[in-house]
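All letters in the sequence shown, in the order written, are residues 0 to 177 by numbering that gives the first Met the number 0.
All C-beta atoms, glycine included, are put in the ideal place defined by N, C-alpha and C.
Some notes on the structure that comes next.
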Amino acid sequence: MFSYKVDDEIKLALPLPEKDGKMIYRLISDNRAYLNEFLPWPDYMKSSEDEIKFLQNSLTEFAAGKGLVLVIRYQEEIVGLIDFHAINPANSSAEIGYWLTEDAQGKGIMTRAVQGMIELGFDYFDFNRLTLVIQVENKASQKVAERSGFEVEGKMKDYIKEKSEFRDAYLYALIKAK
C-alpha cells in the first residue's frame with residue numbers, strides 16, 4: 000500500500016475501500032452541510048456502498064495513471080481526502096482537489112497535506128504544473144493555496160455548477176522550480 004508521511008502528524012495513503020469506505024462515508028454524512036457549501040458531490044454519496052465504489056474506482060484510476068486519491072490521516076485518524084485529477088501526461092500537469100472535516104479545520108492540516116501533494120507531484124510524478132480551482136467565496140481554500148505557494152492565474156466566470164447555479168472560481172497554479 001502506498002503511503003506518504005508528510006510530517007509527524009499527517010500521512011497520506013491510498014484508501015482501503017472496504018476498510019476506509021464506511022468511516023469516510025460517516026465523515027461525509029456528519030459533515031454534509033459543511034461540505035455542501037463548496038463541493039457539488041456530497042449529496043450524491045447516499046451510502047457507505049457509494050463511498051466504497053468510489054474508492055474502488057479511484058484505485059482503478061490510479062492503476063491507469065488517470066488519478067490519485069489519498070486518505071488524509073491526522074494523528075492516525077481519517078479527516079478527509081486529497082487527490083490528483085485532470086492529469087494531463089502530455090503537459091505534465093494535474094489538478095489537486097481536497098476536502099477536510101469541519102472539526103479538523105484550523106490546524107494547518109490541509110496546508111501541510113497540499114504541500115505533501117506538491118512534493119509527490121513534482122518529485123515522484125514529475126509534474127511540471129499543479130493547479131487548484133477554488134470558488135471565489137471559499138476564502139479558507141484560497142489561504143491554503145497561497146500558503147502553499149500557488150498564485151492566482153485568473154478568475155473563471157460561471158465555472159462551477161453547484162446544484163442549479165453557476166459560481167465563479169479562481170485558477171491557482173504552481174510551477175515546478177527549475
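Original post:
Taking V70 as the reference, which of Y24, N35, N137 and A32 has the closest Cα?
Top reply: Nearest Cα to V70 within the set Y24, N35, N137 and A32: Y24.
Subject >> Which listed residue (V68, E48, Q74 and A89) has its alpha carbon closest to that of L119 >> reply: Minimum Cα distance to L119 is reached at V68.
Subject >> Pair within 8 Å by beta-carbon distance, I81 and M44 >> reply: No; because the gap between Cβ atoms is not below 8 Å, this pair is not in contact.
**OP:** State the start and end residues of the unbroken alpha helix (DSSP H) segment that holds Q134.
**Re:** For Q134, no alpha helix (DSSP H) encloses it; the enclosing beta strand (DSSP E) starts and ends at R128 to Q134.
**OP:** Buried or exposed for S123, please, with buried defined as at least 16 other CB atoms from any protein chain shown within 10 angstroms of its CB.
**Re:** The residue you asked about is not Ser; residue 123 is Tyr in the sequence shown. Of the other Cβ atoms in all chains shown, fewer than 16 fall within 10 Å of the Cβ of Y123; this residue is therefore exposed.
**OP:** List the DSSP bridge partners of Y178.
**Re:** This structure leaves residue 178 out entirely; the chain is present only between 0 and 177.
**OP:** Taking 8 Å as the threshold, find out whether the segment 148-157 comes into contact with the segment 96-109 through three or more Cβ pairs.
**Re:** Between the segment 148-157 and the segment 96-109 there are fewer than three inter-stretch CB-CB distances shorter than 8 Å, so the stretches are not counted as touching.
Subject >> Limits of the unbroken beta strand (DSSP E) element including G153 >> reply: Looking at the DSSP string, the run of the beta strand (DSSP E) that includes G153 is E150 to E161.
Subject >> Cβ distance (whole Å) where I95 is taken to contact V78 below 8 Å >> reply: Rounded to whole angstroms, the Cβ separation of I95 and V78 is 17 Å, and the two are not in contact under 8 Å.
Original post:
Near D125, what residues of its chain come up, given a Cβ to Cβ distance below 8 Å and the 5 sequence neighbours on each side ignored?
Top reply: Only S91 meet the Cβ criterion.
Original post:
Is DSSP giving S92 helix, strand or coil here?
Top reply: Three-state result, S92: strand.
**OP:** Return the Cβ separation of S47 and G20 in integer angstroms, given the expectation that the two are a contact with Cβ distance under 8 Å.
**Re:** That pair is a contact at about 6 Å.
**OP:** Determine the direct distance from the alpha carbon of P41 to that of A93, and round the result to whole angstroms.
**Re:** Those two C-alpha atoms are separated by around 23 Å.
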